[in-house]
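Everything on this sheet refers to the single structure shown next.
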Amino acid sequence: MKIYIPPRTNLQASNVILGLMRISDMGDEEIRTLVGTARDAGINFFDHADIYGGAHGCEQRFGDAVTFTDAERESVIIQSKVGIRQGFFDFSKEHILRSVDESLAALNLDYLDILLLHRPDSLVEPEEVASAFDVLHATGKVRNFGVSNQTPGVIELLKRSVNQPIAFNQVQLSITHAPLISQGVAANMAGLDQSVVRDNGLLEYSRLNDMTLQAWSPFQSGVFTGVFVGDRVNYGPLNDALEEIAAAHGVTPTGIAVAWITRHPANIQVVLGTTKPARVVESAAGSDIPLSREEWYRLFTAAGHSLP
Numbered sequence: 001m002k003i004y005i006p007p008r009t010n011l012q013a014s015n016v017i018l019g020l021m022r023i024s025d026m027g028d029e030e031i032r033t034l035v036g037t038a039r040d041a042g043i044n045f046f047d048h049a050d051i052y053g054g055a056h057g058c059e060q061r062f063g064d065a066v067t068f069t070d071a072e073r074e075s076v077i078i079q080s081k082v083g084i085r086q087g088f089f090d091f092s093k094e095h096i097l098r099s100v101d102e103s104l105a106a107l108n109l110d111y112l113d114i115l116l117l118h119r120p121d122s123l124v125e126p127e128e129v130a131s132a133f134d135v136l137h138a139t140g141k142v143r144n145f146g147v148s149n150q151t152p153g154v155i156e157l158l159k160r161s162v163n164q165p166i167a168f169n170q171v172q173l174s175i176t177h178a179p180l181i182s183q184g185v186a187a188n189m190a191g192l193d194q195s196v197v198r199d200n201g202l203l204e205y206s207r208l209n210d211m212t213l214q215a216w217s218p219f220q221s222g223v224f225t226g227v228f229v230g231d232r233v234n235y236g237p238l239n240d241a242l243e244e245i246a247a248a249h250g251v252t253p254t255g256i257a258v259a260w261i262t263r264h265p266a267n268i269q270v271v272l273g274t275t276k277p278a279r280v281v282e283s284a285a286g287s288d289i290p291l292s293r294e295e296w297y298r299l300f301t302a303a304g305h306s307l308p
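Mapped onto the UniProt record's numbering, the consecutive letters of the sequence shown carry residue numbers 1 to 308.
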């Protein structure tokens with residue numbers, strides 16, 4: 001497992017993260033097994049959101065099932081998100097502060113290592129966000145901050161007022177759902193959908209500004225669609241490539257799907273959504289596989305992306 005220090009933090013972080021949005025119906029022992037398997041595989045980073053499983057539902061299940069000694073707490077990274085409410089988004093100071101308090105109570109923790117602002121709130125008032133972040137940082141309730149699914153323009157707007165570094169941005173990325181990367185490869189190609197810039201150059205912006213990207217849905221073929229690993233009906237050539245490259249590196253195709261993301265020099269983290277311990281182990285094995293350029297681009301083109 002690759003462990004590194006994300007820029008503008010002092011965190012010792014794994015580049016594979018266990019996402020916990022699907023644990024609401026799991027028993028305590030199942031959750032402990034899932035988390036324990038992740039930790040045994042070298043994953044020390046766990047991702048939540050206040051909305052997962054209903055209002056703080058998954059956070060509550062985690063807090064009920066998993067306890068940390070003081071030493072263990074310092075060795076893990078707990079991240080949560082705030083801002084999505086029933087039918088609207090809310091980055092108001094009042095909501096941010098209240099939701100963080102509720103998250104900490106549900107998780108049975110004194111602090112979050114990272115708080116992300118979930119989906120963009122068009123009614124955001126950066127001064128309110130800044131005030132909330134200042135309170136959370138000063139009281140020790142949150143140590144680091146970031147965003148999720150947000151563009152360079154939104155981030156720059158926040159940075160005008162926010163005092164703490166915006167160190168993370170969680171976005172959707174997989175081999176098959178990769179506009180973040182593919183649009184740059186096909187730059188200036190008229191008439192090609194791949195060349196359409198959909199995020200205002202977020203990848204390059206993140207690298208220039210030392211912001212760590214976190215890839216959610218790393219095995220999804222598109223936006224909330226099926227998994228591409230093993231889907232030979234829709235992704236036959238890609239699965240051929242995944243299997244051949246996996247055999248060469250002694251891992252499974254799932255591990256190679258992770259390695260395709262972690263190989264990028266932007267040091268992108270991979271957020272797993274699985275509740276299966278075996279899948280966690282397979283995924284973790286791809287953390288630090290040094291795919292060659294030939295292997296990386298073979299997967300890229302096999303997924304249907306163009307090289308002009």
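Note that beta-carbon positions come from the ideal geometry of N, C-alpha and C, so glycine has one too.
Neighbourhood of residue i by C-beta, 7 Å cutoff - its chain only, sequence neighbours within 5 removed
i    : result
H137 : Q164
E127 : S161
V196 : Q183
N73  : What sits at residue 73 in the sequence shown is Arg, not Asn. The answer is none, since no qualifying residue turns up.
G146 : I114, L116, I166, A167, F168, N169
One or two residues paired with residue i in a DSSP bridge
i    : result
A278 : A278 is not bridged to any residue.
V270 : V16, A215
V82  : L117
G140 : None; G140 has no bridge partner.
L112 : V142
Q170 : S148, Q214
V124 : Note: V124 sits in no beta bridge, so no partner.
V227 : Q220
8 Å contact criterion, which residue i and residue j should meet: CB distance rounded
i           : j    : result
L213        : V185 : Contact doesn't hold; Cβ gap of about 17 Å is too wide.
P152        : Y205 : 4 Å
L203        : A266 : 6 Å
S174        : S217 : 6 Å
M1          : A41  : 7 Å
residue 309 : Q269 : Here the chain has residues from 1 to 308 only, and residue 309 is not among them.
L299        : A241 : 5 Å
Closest Cα partner of residue i within the set the options
i    : options                : result
M26  : R298, I43, Q60         : Q60
S161 : A132, V142, G140       : A132
N234 : A303, L299, S217, L173 : A303
F219 : T33, V258, E294        : V258
F168 : A41, R39, G53, V271    : V271
L117 : I166, A190, E102, D101 : I166
P277 : S14, I43, T139, G236   : I43
L97  : H305, V129, Q86        : V129
L192 : S306, R207, L107       : S306
T275 : N10, P7, D28           : D28
P308 : G140, E102, N188, E30  : N188
Q86  : A105, H56, T67, D101   : H56
G273 : I17, N239, I5          : I17
Y297 : G83, L238, E30         : L238
Q194 : L104, T301, Q12        : T301
Q150 : G83, F45, E72          : G83
I155 : V135, V124, V142, G140 : V124
A246 : F224, E295, N200       : E295
Beta-carbon proximity list for residue i, same chain, < 6 Å, skipping 5 on both sides
i    : result
R198 : P179
A221 : The residue you asked about is not Ala; residue 221 is Ser in the sequence shown. Counting only Cβ-Cβ distances below 6 Å, and skipping sequence neighbours, we find T176, F228.
P7   : D210
V35  : V66
N108 : G63
Contact test: residue i Cβ vs the ligand PLP heavy atom, cutoff 7 Å
i    : result
E243 : Annotation note on the ligand PLP: not contained in the displayed structure, which lists no ligands.
Residues of its chain near residue i, where Cβ-Cβ distance is below 8 Å and the 5 sequence neighbours each way are ignored
i    : result
G54  : S24
R293 : none
Segment contact, 8 Å Cβ cut-off, at least three pairs: the region 179–186 with the region 226–233 = no
**Prompt:** How do the region 277–289 and the region 258–269 stand: do at least 3 beta-carbon pairs fall below 8 Å, yes or no?
**Reply:** Per the Cβ contact rule, the region 277–289 is in contact with the region 258–269 (3 or more Cβ pairs under 8 Å).
**Prompt:** So, do the region 19–28 and the region 46–58 have three or more beta carbon pairs nearer to each other than 8 Å?
**Reply:** yes
When you compare the region 91–100 with the region 60–73, are there three or more beta-carbon pairs, one atom per stretch, that lie closer than 8 Å? no
Can we say the region 107–119 touches the region 75–84, given the rule of at least three CB pairs closer than 8 Å? yes
query = Using 8 Å as the threshold, is the region 270–284 in touch with the region 244–256, meaning 3 or more CB pairs across them?
reply = Yes, the region 270–284 is in contact with the region 244–256.
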